[in-house]
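If you're matching positions, the sequence shown starts at 0 in numbering that gives the first Met the number 0 and goes up one per residue.
Here's the structure, in structure tokens; my notes come after.
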Amino acid sequence: MRVFFLLVLLVGCSAAPPVSDSRPLGTVSVAWDVGAKASFADSSATVALTPLTYTDLDDLQGGNRYLTVTFRVENQSTGSLENLTLRAYAATANLGGTAVGTVRAFPSPSHPDGTAITDPLVAQSIRPIQGTQLGPAGPEPDPQASNFEGFSQAESTGLERGAQAQGLLAGSEQVLDYGFAASDRTINPGATSLINVAVKLPRTFSTSPTPYRFKLSFLLTTSPTLRVSQALGETTSQALARAEALLSGRQMVQLVLLSSDPVPPQSGLSVVRLTNLRIGIAPTYLLQP
0 MRVFFLLVLL VGCSAAPPVS DSRPLGTVSV AWDVGAKASF ADSSATVALT
50 PLTYTDLDDL QGGNRYLTVT FRVENQSTGS LENLTLRAYA ATANLGGTAV
100 GTVRAFPSPS HPDGTAITDP LVAQSIRPIQ GTQLGPAGPE PDPQASNFEG
150 FSQAESTGLE RGAQAQGLLA GSEQVLDYGF AASDRTINPG ATSLINVAVK
200 LPRTFSTSPT PYRFKLSFLL TTSPTLRVSQ ALGETTSQAL ARAEALLSGR
250 QMVQLVLLSS DPVPPQSGLS VVRLTNLRIG IAPTYLLQP
């Protein structure tokens, strides 16, 4: 079975990209490591994350791997968490100005912990996507695992400044333009939800071993904005369907799109269009030239 990840950006009534309204809570490092099963908390102890499943799907024809790790997230605070999101950031020790660090190859007798991979191009080739399922014609977005979110650079910069002011990020660390949101948009105290963190990467690299495990650096944030983001390989209609499922008349839903496809005006739906996303310190973008 193969997984295919797509990027969906918030789309609104042709609105300008918003300034950040996200509130940083803490930092957390999550790992693609099939041997990791233990729960862990973010730096603020707001949530506990427990890895539940790891999916590694090889696309032999396309030459890519699709990796998804599903976490159970438990609200350990005394207040409700609205639109809880893991926002990627380029930590100082990471590779290639990305959210990716501590990359290691498959263990061997001479390197039981796996050889360290230090080529920045490997990290820059690990791209965020939506959770994917195998459809009749091949990999397709899985609406139940579509947690990817895209953000404008202005939103990322605003969050970055707030996190630096709180001492969560160093002055040289930058918030990137993507993240992964909890499936439940409100998580009450003691309640749980799921977050699917998904990436796509080449099956092989010409100058480096194949990554076996690695870590991703995130800020834990909340936001009053209810959004849906389109991913690479996801159609406008698929992203729109997910946004429409959240329309209730009580709160505006923001749809972020990378495409230029027209979207019929709807009450309660705000469309924002972004041309690209930084997945590493520029010039590393989701949509390569």
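From the three backbone atoms N, C-alpha and C, an ideal C-beta is built for every residue, glycine too.
None of these values were measured; they are calculated from a predicted model.
Using a Cβ distance threshold of 8 Å, LEU219 and VAL99 do not count as a contacting pair. Under DSSP, ILE186 forms a beta bridge with LEU80. In the DSSP assignment, PRO119 falls within the unbroken alpha helix (DSSP H) covering 119-123. The beta-bridge partner set that DSSP reports for ILE194 consists of PHE70.
Remark: C-beta atoms of ASN187 and THR69 do not approach each other more closely than 8 Å. With a contact defined as Cβ atoms closer than 8 Å, VAL227 and ARG249 miss out at about 16 Å.
If you draw a straight line from the Cα of GLN253 to the Cα of THR114, it is about 43 Å long. Classified as buried, ASP41 has 16 or more neighbouring CB atoms from the shown chains inside 10 Å of its CB. By the criterion of at least three beta-carbon pairs nearer than 8 Å, the stretch 148-157 is in contact with the stretch 271-286.
Sequence-distant Cβ neighbours of LEU200 in its own chain, meaning closer than 6 Å and more than five residues away, are ARG64, SER124, ILE125. In the three-state reduction of the DSSP assignment, SER269 falls in the strand class, which pools E and B. DSSP places ARG249 outside both helix and strand once states are collapsed to three, so it counts as coil.
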